[in-house]
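**Q** So the sequences go chain by chain: A and B. Per the numbering used here, residue 573 is the first one in the first sequence, and the count goes up by one each step. Per the numbering used here, residue -14 is the first one in the second sequence, and the count goes up by one each step. The C-beta atom is built at its ideal place from N, Cα and C for all residues, glycine as well. Once you've had a glance at the structure underneath, I'll fire off some questions.
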Amino acid sequence: MTSRFREQVEEALFPPLVALLVALICGDLLILSYGQSPASVYRLLLEGTWGNAYGFGQVLYKATTLTFTGLAVSLGIRAGLFNVGAESQLAAGGFLAALVGLGLSPSIPGVIGVPLCMIAAAFGGGVVGAIPAFLRVKFGAHEVIVTIMLNFIVLAFLNWIIANHLHVPETLHTPEIHTGAIPRLSQFIPGFHGSAANLTIVIALLAAFGVWFFLFRTRRGYELRAVGLQPDAAEYGGIHVGGVWFRALTLSGAIAGLGGINYVLGYKHYYEDGFAGGSGFLGIAVALVGRNHPLGVVLAALFFATLSQGGLAIHAFVPKQMVEVLQGVVIIAVAMSVPEVRRALRSARRPATV
Amino acid sequence: MTSATSPAADRTQPAIRMLGIDKSFGPVRANRGASLEVMPGEIHALVGENGAGKSTLMRILGGLMKPDAGKLEVNGRDVTGWSTNDAIAAGIGVVHQHFMLVPTLTVAENIVLGQEPVKSGMFDYQRAVADVQALSKETGLAVTADRKVSELSVGEAQRVEIVKTLFRGAKILVLDEPTAVLSPPEVKELWGVLRKLRDAGGTIVLITHRLDEVMDLSDTITVMRAGQTIERLKTSATNPAEIARAMVGREVNLTGRDAEALSATAEFMASGTTPPSSEEYSAALEVNDLVVVGSQHTRVIDGISFTIQPGEILGIAGVEGNGQTELIEAIAGLRKIESGSIRISGHDVTDFQVDERRGAGLAHIPDDRHRRGLILDYSVSDNLLLGLQDEFVSRRGVLDANRINENATKQIESFDIRPPTAALPARSLSGGNQQKVVIAREMGHEFAVLLASQPTRGVDVGAIEFIHERLRAARAENKAVLLVSAELNEVLALSDRVAVMYRGKFAVVMPAAEATEETLGEYMIGTRKESAA
């Protein structure tokens, strides 16, 4: 039994590590082509992220949002659905959280204000997720197309509201919320001073645990994974496939929406147009590299957050776009290496005797 | 490959010789030192249980995979590790279990595919038709060159497959389970074709686990077990019991598959376990005037009515594709019905969902365990609760891991699932053991009506015996069983009554004791008709 567990861990960890190696080699070539030394650029990248408290705080902050969007995408994939709409779900969640935070009286304490804003965020993302879910179940409209199109619609709609009705003059953001602010980590650990890292990270970790428990320990999770693996067999087992799809995509949207609080409640305390900034799309990569497992998602979120923050640190030496190229290389390498590395692992385990 | 069609003039030299073949897939050693020797001009049966390594050996022969070790010779030439193109060029033709035909193309187009005759840069269809007709005449394999493959019966489609391989110059023909989808008359016809090909100097390798076919047709037999070649026998000097023993490695009770099946049934019937009369019990399953409409707006189930009493097995025979799958799925709630009603133990379940029908006492062994019956990436223990997941919840929708494990341990033991490891993914089990998981789940809890669709398909001799015992035990416990099987022997051996399905209707319903393979065969292909009882 333990050897099987070890095999599973190996199969989960080796492919991303091989992919990372491939990405590092590509990165070397890129840096060399730019006339810089790979070793010093990588050192700089690490120093600017894990090497000092501020950089590390920024990594944690970015990883928090990516954990939510990564969890959202992976939950969809577990049910056999590809949610490409995390970007707009994240934005809608952040928007509703800000709206509630603005609407509540400043006299309401945070212990009540924060949960209310969180519910609003999850609700906002959930609604945006429920639309493609409904269209998929009711009319068979493919969720990939619908979520992509909804990204345009929702983001444009939010932009219009902000620009015309809710903005502080000369900006594209709302006024500051009255209640619902989530404390920054620097209030507890002074070293984090100046970084955006806040207690939302605890909520992100709880969400990851919750998704894990739901998927692997509950009947609904059992049914959701069954639908994702073999819808025909799930149907045979008396599982209502349409119902599972609806709940999965709605929940996926709600988790992505909840991610909006990291920026709105934890960092700026207002909604700003475009704050999602691609975190929803990067969530797809996080889910892919994290192999759709909540623990993997958390680790992958840290990894991509490191790359993203590291890009700023090395900006003076190589273009920051290099990091974006590296991200792309990692994603492609993971997509390739998962089946290849698994095959190699399995043949290496072949028993030597009869 | 210049020696492609060199005649195997030397009759003492084997057409195929495989020696010490090793082939592993990860931890699974599919072939371990397997050997095979096939002489030119013989029909050679390759038999063995599921997972014995027959298909792997044939894939190596066909160039689809390379062996880890060992040697492959064809007509005396060492061709170890060759490619599919080499194999085709050397005259090896494989007829797969699942046809590799393009349904929207005509027979002639399918046959010449890849070697199309060309006239001034364009596909010369007339030439193709003429070529195919000429070959058809030469070999005596009747095919209609200009019909669409989608319009053909399974038997005809298979003939097209054979002509296709011959068109490509095949001298050595490998057939993988060719009779699985054929009606008895079609099987007879196929036998005629194969004998004719052999008499014309062709070499034929027949993969099968049906011993009656082996005895009927082959000249020589190779038995495989667990990746190894166990025995090479002359058909004329052996008997089914000996072959079965070599396949399984122990004595096997062959009831239900061998020629004695009928007499065994008669004995069983005579031993007094007759079904209870309908006055004593209300029907366990009652189907009334059921109509199901298929994708082409045709009535795939065209007004079927029947009842099954507790303690009765109703067997449904028929050539595949005459509505059997649709009937089972309609009763299970997996397929929308047009009209009619379904009752389980007196309760009208016509409007019930799948889970509600299960709740009403329905158990279901589906015909396609890979698509429906199992979630292949789930562990054995998780598969053992598919459809019963509601019963394994402790509180607030959390699954009860202890009870799931207890259940798995119990079922693995009482249904002899091997290897006995609950955490193993179902994918890694052999076909027979996968089927046991399905059967353990469906029969391991309380039910009133069992739908058993092809319960022994692709399952080896030992497991077949076990599954048949279980079905008989269910009858003895007063369960009602609806059995659908492509195996006439199986239907006859297990059923109390037999129905034949033909084009969405019951062509006939009769007591099994009065039915014979010959009469059922005629109903199956529609040459005999009678309104259903």
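#1: Using a Cβ-Cβ cut-off of 8 Å, state whether residue 794(A) counts as contacting chain B.
#2: Quick check: what's the CA-CA separation for residue 13(B) versus residue 405(B)?
#3: What does the Cβ neighbour count give for residue 891(A), buried or exposed, with the cut at 16 atoms within 10 Å?
#4: Can you find a C-beta in chain A that's less than 8 Å from the C-beta of residue -11(B)?
#5: Which residue wins for smallest C-alpha separation from residue 577(A), given the options 408(B), 447(B), 441(B)?
#6: Give me the Cβ distance between residue 23(B) and residue -1(B), rounded to the nearest whole Å; I'm assuming they're in contact under 8 Å.
#7: Which chain A residues are close to residue 372(B), counting only those with a beta carbon under 8 Å from its beta carbon?
#8: Go to residue 406(B), then tell me how far its alpha helix (DSSP H) extends in each direction, as first and last residue.
#9: Mind checking the segment 59 to 83 of chain B against chain A and listing, in chain order, the residues whose C-beta falls within less than 9 Å of any C-beta there?
#10: List the residues of chain B that residue 804(A) touches, going by C-beta distances under 7 Å, in chain order.
#11: Buried or exposed: which applies to residue 61(B), given that a residue is buried once 16 or more other Cβ atoms fall within 10 Å of its Cβ?
#12: Less than 8 Å between the beta carbons of residue 296(B) and residue 460(B), yes or no?
#13: Tell me whether residue 580(A) is buried or exposed, calling it buried when 16 or more other Cβ atoms sit within 10 Å of its Cβ.
#14: Answer yes or no: do residue 19(B) and residue 38(B) have a C-beta to C-beta separation smaller than 8 Å?
#15: What residue from 397(B), 367(B), 410(B) has the CA that sits closest to residue 389(B)'s CA?
#16: Can you find a C-beta in chain B that's less than 8 Å from the C-beta of residue 823(A)?
#17: Nearest by alpha-carbon distance to residue 639(A): which of 695(A), 833(A), 814(A) is it?
#18: Per DSSP, which residues does residue 721(A) bridge with? Please list them.
#19: Given residue 848(A), which residues of its chain have a CB within under 6 Å of its CB, disregarding the five upstream and five downstream residues?
#20: With C-beta atoms as the reference, is residue 175(B) less than 8 Å away from residue 164(B)?
#21: Between residue 798(A) and chain B, is the shortest Cβ-Cβ distance under 8 Å, so that the two count as touching?
#22: In chain A, what lies closer than 9 Å to residue 210(B) by C-beta?
#23: I want to verify the contact list: residues of chain A whose CB lies under 8 Å from the CB of residue 351(B), in sequence order.
#24: Rank 609(A), 835(A), 713(A) by C-alpha distance to the C-alpha of residue 693(A) and give the top, closest one.
#25: If you drop the 5 nearest sequence neighbours on each side, which residues of the same chain put their C-beta closer than 8 Å to that of residue 66(B)?
#26: Can you list the residues of chain A that residue 144(B) reaches, using a CB-CB cut of under 9 Å?
#27: Spell out whether any CB of chain A is found under 8 Å from the CB atom of residue 362(B).
#28: Out of 82(B), 45(B), 169(B), point me to the one whose CA is closest to residue 472(B)'s CA.
#29: Given 8 Å as the limit, is there contact between the segment 353 to 361 of chain B and the segment 334 to 341 of chain B, that is, 3 or more CB pairs closer than that?
#30: Could you check whether residue 824(A) and residue 644(A) sit closer than 8 Å to each other, using their CB atoms as the reference points?
#31: Specify the secondary structure class of residue 50(B) as computed by DSSP and reduced to three states.
#32: For chain A, check one thing: does any of its Cβ atoms lie closer than 8 Å to the Cβ of residue 563(B)?
#33: Taking residue 231(B) and residue 208(B) to be in contact with their CB atoms under 8 Å, please state how far apart those CB atoms are, rounded to whole angstroms.
#34: Which residues does DSSP pair with residue 30(B) in a beta bridge?
#35: Between 384(B), 348(B), 269(B), 358(B), which lies nearest to residue 332(B) when the distance is taken from Cα to Cα?
**A** Let's see:
#1: Taking the first sequence and counting its residues from 1, the one referred to as residue 794(A) is at position 222. Judged by the 8 Å Cβ criterion, residue 794(A) is in contact with chain B.
#2: Position 28 of the second sequence, counted from the first residue, corresponds to residue 13(B). Position 420 of the second sequence, counted from the first residue, corresponds to residue 405(B). Straight-line Cα distance between these residues: approximately 16 Å.
#3: Along the first sequence, one-based indexing puts residue 891(A) at 319. With fewer than 16 other Cβ atoms within 10 Å, it is exposed.
#4: The count along the second sequence starts at 1 and reaches residue -11(B) at position 4. Bear in mind that a pLDDT of 41 at residue -11(B), under 50, signals an unreliable position, so the number given afterwards is only what the model happens to contain. With 8 Å as the cut-off, residue -11(B) does not count as an interface residue toward chain A.
#5: As a position in the first sequence, residue 577(A) is number 5, starting the count at 1. Of the candidates 408(B), 447(B), 441(B), the one whose C-alpha sits nearest the C-alpha of residue 577(A) is 408(B).
#6: In the second sequence, counting from the first residue as 1, residue 23(B) sits at position 38. In the second sequence, counting from the first residue as 1, residue -1(B) sits at position 14. Indeed they touch by this definition, with Cβ atoms about 6 Å apart.
#7: In the second sequence, the residue the question calls residue 372(B) occupies position 387. Chain A residues near residue 372(B): 808, 809, 810.
#8: For the purposes of this step, residue 406(B) is taken as residue 421 along the second sequence, with counting starting at 1. Counting along the chain, residue 406(B) falls outside any alpha helix (DSSP H), and DSSP gives it neither H nor E.
#9: none
#10: On the first sequence, residue 804(A) is found 232 positions in, with the first residue counted as 1. Here the neighbours are 356, 357.
#11: Sequence index remark: in the second sequence, residue 61(B) carries index 76 (1-based). Classification of residue 61(B): exposed, given that the 10 Å Cβ count is below 16.
#12: Within the second sequence, the letter at position 311 stands for residue 296(B). Within the second sequence, the letter at position 475 stands for residue 460(B). It is a contact, given that the beta carbons lie within the stated cut-off.
#13: Locating residue 580(A) in the first sequence gives position 8, where the first residue counts as 1. Exposed, by the Cβ-count rule.
#14: Locating residue 19(B) in the second sequence gives position 34, counting from the first residue. Locating residue 38(B) in the second sequence gives position 53, counting from the first residue. Taking 8 Å as the Cβ cut-off, residue 19(B) and residue 38(B) qualify as a contacting pair.
#15: Within the second sequence, numbered from 1, the residue matching residue 389(B) stands at position 404. Closest option to residue 389(B), Cα to Cα, is 367(B).
#16: For the purposes of this step, residue 823(A) is taken as residue 251 along the first sequence, with counting starting at 1. So no, residue 823(A) is outside the interface.
#17: By 1-based counting over the first sequence, the position of residue 639(A) is 67. Nearest of 695(A), 833(A), 814(A) to residue 639(A), Cα basis: 833(A).
#18: Translated into the one-based positions of the first sequence, residue 721(A) becomes position 149. According to DSSP, which records beta bridges pairwise, residue 721(A) is partnered with nothing at all.
#19: Translated into the one-based positions of the first sequence, residue 848(A) becomes position 276. So the qualifying residues of the chain are 659, 662, 663.
#20: Here residue 175(B) corresponds to residue number 190 of the second sequence, with the count starting at 1. Here residue 164(B) corresponds to residue number 179 of the second sequence, with the count starting at 1. Yes. Within cutoff.
#21: On the first sequence, residue 798(A) is found 226 positions in, with the first residue counted as 1. Yes - at least one Cβ of chain B is within 8 Å of the one on residue 798(A).
#22: The sequence position of residue 210(B) within the second sequence is 225, counting from 1. Going along chain A, no residue has its Cβ under 9 Å from residue 210(B), so there is no contact; the nearest lies around 14 Å.
#23: Counted from its first residue, the second sequence places residue 351(B) at position 366. In chain order: 808.
#24: Start at 1 with the first residue of the first sequence, and residue 693(A) comes out as number 121. The shortest C-alpha separation from residue 693(A) is found at 835(A).
#25: Reading the second sequence from its first residue, position 81 is the one you call residue 66(B). Hits under 8 Å: 51, 52, 57.
#26: As a first step, residue 144(B) is located in the second sequence; it is residue number 159 there, counting from the start. Here the premise fails: no neighbours, minimum Cβ distance about 31 Å.
#27: Residue 362(B) sits at position 377 when you count from the first residue of the second sequence. Yes, residue 362(B) lies at the interface with chain A (some Cβ there is under 8 Å from its Cβ).
#28: Position 487 of the second sequence, counting from 1, holds the residue named residue 472(B). Checked all of 82(B), 45(B), 169(B); the closest Cα to residue 472(B) is 169(B).
#29: no
#30: The count along the first sequence starts at 1 and reaches residue 644(A) at position 72. The count along the first sequence starts at 1 and reaches residue 824(A) at position 252. Closer than 8 Å, so yes.
#31: As a working mapping, residue 50(B) is identified with position 65 in the second sequence. Residue 50(B): coil per DSSP, three-state reduction.
#32: Outside the displayed span of chain B (-14 to 518) sits residue 563(B), for which this structure offers no information.
#33: Position 246 of the second sequence, counted from the first residue, corresponds to residue 231(B). Position 223 of the second sequence, counted from the first residue, corresponds to residue 208(B). That belief holds up - the Cβ atoms of residue 231(B) and residue 208(B) are roughly 4 Å apart, short of 8 Å.
#34: Against the second sequence, residue 30(B) aligns to sequence position 45. Answer is 191(B), 206(B), bridged to residue 30(B).
#35: Counted from its first residue, the second sequence places residue 332(B) at position 347. Measuring from the Cα of residue 332(B), the nearest candidate turns out to be 269(B).
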